[in-house]
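All remarks here apply to the structure that follows.
Chains as they are written, first to last, in our numbering: chain A, 15 to 494; chain B, 15 to 494.
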């Protein structure tokens with residue numbers, strides 16, 4: 015669908031607007047865009063201020079033109095690319111660190127700031143921003159807030175939402191408001207802060223964030239535990255969490271992932287299930303490690319190595335290679351889906367076993383890894399897109415895994431968001447009443463439906479909606 | 015305003031309905047109801063199931079009859095008592111512990127369960143529910159969720175919202191939905207969970223909660239530090255937090271509060287500012303205490319005592335007596351307002367100084383205490399209600415303190431909620447756009463405005479609203 019975006023030229027913006035084909039192409043896809051899914055925006059706007067964002071939204075809202083916020087494009091569910099054309103609102107020029115208040119453990123930033131830049135800005139004060147996702151060196155804080163991202167350190171420190179205190183948000187009609195509070199705790203009125211966080215730009219556009227920071231721990235150690243079976247590994251994980259071991263990271267990789275990483279990277283991992291662990295403390299770190307060791311030994315750990323500094327980084331390197339290894343592993347196949355189902359920690363062993371069983375019954379290679387300490391499981395499903403039968407088989411396997419997670423009391427997405435790819439699971443997870451309530455909120459805050467349409471919520475009904483053609487039955491767009 | 019509630023008799027409820035004068039009177043006031051504020055409901059319903067709550071709401075919604083959820087009545091801002099009559103929905107009979115899943119660190123409860131009963135139910139498994147407020151032995155989990163309560167341990171463990179995973183909620187029209195997820199982390203759709211938490215029963219009624227639990231720490235020690243000046247005490251607090259000392263509780267009381275407690279209880283506190291502190295650890299607790307000690311010594315601490323067990327409890331006892339001491343201290347004066355403003359931790363010393371300055375300029379006795387580690391300040395303002403000049407003076411002082419907190423980047427209410435008493439500050443804190451956005455959400459989820467009307471949101475306008483007579487200008491009802 016094309017939209018007349020000439021109104022952008024009439025606005026008095028600090029930033030700029032492009033209709034150039036390369037800008038439009040660059041904003042048509044992101045890390046989560048699958049084969050044949052890319053939809054170009056009609057224009058790309060590069061706002062440089064809150065006033066710019068407000069002016070663009072107010073004008074687009076009057077005209078019913080879709081606006082899809084875009085930043086680093088690292089989302090895995092096509093969260094930030096258009097489904098219905100319109101304006102791509104690229105906020106990467108709004109990347110200033112506005113203020114650092116070490117006495118309050120706070121920093122104010124614009125949404126286009128890269129995650130690691132926050133850490134760099136405060137490192138000199140001995141502070142850090144704990145919940146960065148693994149993509150933190152390339153993704154923006156705006157994107158992390160949009161999906162309520164989390165990462166390896168979430169098991170100790172919590173998710174992005176736990177570290178966002180206050181946001182400046184522009185509503186669909188251009189109204190600017192501040193949600194949340196710079197106080198560490200508030201019960202003042204409705205919690206609009208957490209409503210905006212994770213809403214993927216469908217309820218408002220974030221233009222400024224106040225984040226909470228933490229002091230860097232004085233001691234860091236970590237390492238790797240190799241297990242004889244996947245069952246032993248996952249039961250050890252569950253036991254570590256319920257025993258209250260103070261782990262700062264607790265990651266799992268299965269033997270398939272180990273094989274994949276060995277094939278790609280210059281490492282020689284034992285091709286067995288293993289966990290990667292890290293500890294942060296101001297003192298007493300060795301006692302905590304002993305606590306951990308006692309539990310993994312009770313689960314027949316085969317190898318357990320702990321180190322610090324470069325040696326620890328070397329032990330961990332295999333974990334960091336997974337994303338690249340997945341992309342390169344099989345030249346005939348592309349990632350068709352990237353899962354992040356999350357289940358209650360006691361159900362984690364069952365969930366991992368369920369994925370293995372799905373892989374076998376569909377005859378697929380499905381490597382598993384993830385933020386095990388949160389019950390969060392990552393897995394890749396790969397398909398040869400020249401083989402329609404395989405594509406269908408892979409999609410069915412992916413759906414079965416998600417269904418199983420929901421049956422176990424879990425969620426379709428722990429941290430990547432719904433985007434386009436997971437819309438089909440929303441009602442399964444939240445029920446018709448849950449989806450209808452989310453839709454009521456969306457209609458209240460964006461009555462013209464201009465903010466990132468075609469995301470998060472499934473289509474209301476095929477007749478009434480302009481988005482009727484976007485392939486709602488399998489949650490994927492088939493547009494070219 | 016009276017409402018015909020005879021429709022309740024037509025419902026096929028498991029629970030019961032009363033129109034008896036003592037039930038109506040008992041549901042007309044709570045801990046936060048001020049002189050002359052009590053409004054009786056026309057009927058009190060005692061639902062015993064989700065189906066009961068759904069049937070009552072559906073019927074009330076059709077007829078436009080207000081429904082005000084009520085539980086233990088321990089709210090401090092008249093959160094749970096009617097402003098416009100109608101039905102008081104007393105959920106205290108829904109007090110079952112439904113399921114305990116130690117492998118998931120989870121418990122499912124009905125909303126009428128008393129906080130301490132949760133701890134008792136899981137103590138045998140070595141678990142506890144960390145964010146209980148000081149009222150935890152008398153207040154219900156439903157009330158804690160309604161106000162997003164917090165407490166002494168929030169400085170280490172977070173607030174109630176951080177420990178609520180999933181809620182069953184009945185919407186105004188009787189629709190039952192589940193919000194949140196039993197997974198520790200989710201990015202699936204809009205965060206309706208945190209929208210309901212803290213909404214004081216104005217967006218829906220909670221009928222079941224899944225809570226996260228934690229393992230009890232193996233070591234607990236705590237004690238008291240006495241400071242030469244209030245400035246030294248508050249600067250030490252700010253320094254402890256920014257240095258990352260792992261405190262489980264960090265409370266302040268000023269010399270006025272110490273004097274008040276001495277007058278009431280059988281203790282002999284030094285009449286100087288002091289902090290109460292507690293540490294939780296699995297090991298290394300003494301090293302953490304040394305870390306704390308070094309900081310308070312740098313702030314000229316006069317006395318510092320640490321103990322465990324009964325001896326610790328004795329050191330802490332004065333802190334626990336404050337609520338009773340406040341009520342009894344001055345027989346001629348009643349509490350007119352109970353403040354819980356919260357500011358960024360670096361601003362805490364200024365906030366405390368501001369209250370002292372307000373007390374002096376208004377010639378009032380305003381004792382301060384509170385959850386200092388969160389930047390949360392409690393204070394009482396007392397008035398002789400036979401002296402209208404004093405009442406006005408006290409209200410003006412109270413308002414000036416709240417305004418000052420908001421100016422410092424803080425919030426009008428850290429944990430008690432808006433209720434009736436803080437409505438006048440909502441726009442000051444969130445701006446017109448913030449309040450208008452909250453109102454849009456309210457209208458989307460409760461279009462007939464039956465859920466706890468007259469709370470949280472200020473009146474839309476005096477002409478259009480049935481609530482025009484509830485004394486919106488000073489945020490207090492003057493009805494008899």
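For every residue, glycine included, the Cβ atom is placed at its ideal position computed from N, Cα and C.
From a predicted model like this one, the values you see are computed outputs, not experimental measurements.
Check residue 196 (chain A) in the structure and name its three-state DSSP category. coil
In three-state terms, what does DSSP make of residue 132 (chain A)? helix
Using a Cβ-Cβ cutoff of less than 6 Å, which residues in the same chain neighbour residue 220 (chain A) once the five nearest sequence positions on both sides are dropped? 125, 156, 159, 181 and 183
Checking 8 Å against the spacing of the C-beta atoms, do residue 130 (chain A) and residue 430 (chain A) come in under that value? no
Which one of B:173, B:327 and B:199 has the shortest CA to CA distance from residue 161 (chain A)? B:199
Is there at least one Cβ from chain A nearer than 8 Å to residue 411 (chain B)'s Cβ? no
Give every residue of the same chain whose Cβ lies closer than 8 Å to the Cβ of residue 478 (chain A), excluding the five residues on either side of it in the sequence, and list them in chain order. Low confidence applies to residue 478 (chain A): its pLDDT is 38, below 50, so where it sits in the model is not reliable, and the reading given next is rough at best. None.
Cβ-heavy atom distance between residue 357 (chain B) and the ligand ATP below 7 Å? Among the ligands in the structure shown, none appear at all, so the ligand ATP cannot be discussed.
Helix, strand or coil for residue 474 (chain B), going by three-state DSSP, please let me know. coil
Minimum Cβ-Cβ distance from residue 365 (chain A) to chain B less than 8 Å: no
So the alpha helix (DSSP H) residue 302 (chain A) belongs to, where does it begin and stop? 299 to 312
Taking CB distances under 8 Å as the criterion, tell me whether residue 122 (chain A) reaches chain B. no
Hey, is residue 430 (chain A)'s beta-carbon within less than 8 Å of any beta-carbon in chain B? yes
Residue 396 (chain A): contacting residues in chain B (beta-carbon distance under 8 Å): By Cβ distance, chain B contributes nothing, its closest Cβ being about 23 Å from residue 396 (chain A), past 8 Å.
Three Cβ pairs or more, each shorter than 8 Å: is that satisfied between the stretch 196 to 210 of chain A and the stretch 204 to 220 of chain B? yes
Under a three-way DSSP split, which group does residue 255 (chain A) fall into? helix
Closest to residue 230 (chain B) by C-alpha separation, out of B:270, B:259 and B:134, would be which residue? B:134
When the Cα atoms are used, what is the spatial distance from residue 489 (chain B) to residue 438 (chain B)? Only weak support is given to the placement of residue 489 (chain B): the predicted model assigns it a pLDDT of 33, under 50, and the question is left unresolved by the model.
Interface residues of chain B facing residue 138 (chain A) [CB-CB closer than 9 Å]: The premise fails here: residue 138 (chain A) is roughly 15 Å from chain B at the closest Cβ pair, so nothing lies under 9 Å.
Have a look at the DSSP bridge pairing and note the partners of residue 84 (chain A). A:104
Neighbour-count burial assignment, residue 491 (chain A), 16 or more Cβ in a 10 Å radius: Its pLDDT being 32, under 50, residue 491 (chain A) is placed unreliably by the model, and nothing is read from it.
Considering only the alpha carbon of each residue, which of B:447, B:373, B:364 and B:402 lies closest to residue 2 (chain B)? Nothing about residue 2 (chain B) can be read from this structure; chain B reaches only from 15 to 494.
Taking Cβ positions only, does residue 488 (chain A) come closer than 8 Å to chain B? Only weak support exists for where residue 488 (chain A) lies, its pLDDT of 34 falling under 50; the value from the coordinates is given anyway. No, residue 488 (chain A) does not count as interfacial toward chain B.
What three-state label does DSSP hand residue 40 (chain B) in the structure shown? helix
Within 8 Å of chain A by C-beta, residues of the stretch 175 to 203 of chain B in sequence order: 175, 176, 185, 189, 190, 191, 192, 193, 195, 196, 197, 198, 199, 200, 201, 202 and 203
Between which two residues does the alpha helix (DSSP H) containing residue 210 (chain B) stretch? 206 to 210
Under the three-state DSSP convention, the category residue 120 (chain B) falls into: strand
Keeping to the same chain, check which residues put their C-beta closer than 8 Å to that of residue 384 (chain B); ignore five residues upstream and five downstream. 265, 266, 354, 390, 391, 392 and 393
Beta carbons nearer than 9 Å to chain B: which residues of the stretch 346 to 377 of chain A have them? 354, 355, 356, 357, 358, 359, 360 and 361
With which residues is residue 393 (chain A) paired in a DSSP beta bridge? A:353 and A:382
Considering only C-alpha positions, which residue in the set B:54, B:47, B:132 and B:120 is nearest to residue 93 (chain B)? B:47
Could you confirm whether any beta carbon from chain A is found closer than 8 Å to the beta carbon of residue 205 (chain B)? yes
Which residues in chain A have a C-beta closer than 9 Å to the C-beta of residue 158 (chain B)? List them in chain order. Ordered by position in chain A, no residue passes the 9 Å Cβ test against residue 158 (chain B), which lies about 11 Å from the chain.
Residue 455 (chain A): contacting residues in chain B (beta-carbon distance under 8 Å): 204, 206, 209, 455, 458 and 459
Nearest to residue 468 (chain A) (by Cα), restricted to the options A:39, A:100 and A:76: A:100
C-alpha distance - residue 56 (chain B) paired with residue 79 (chain B), whole-angstrom precision: 10 Å
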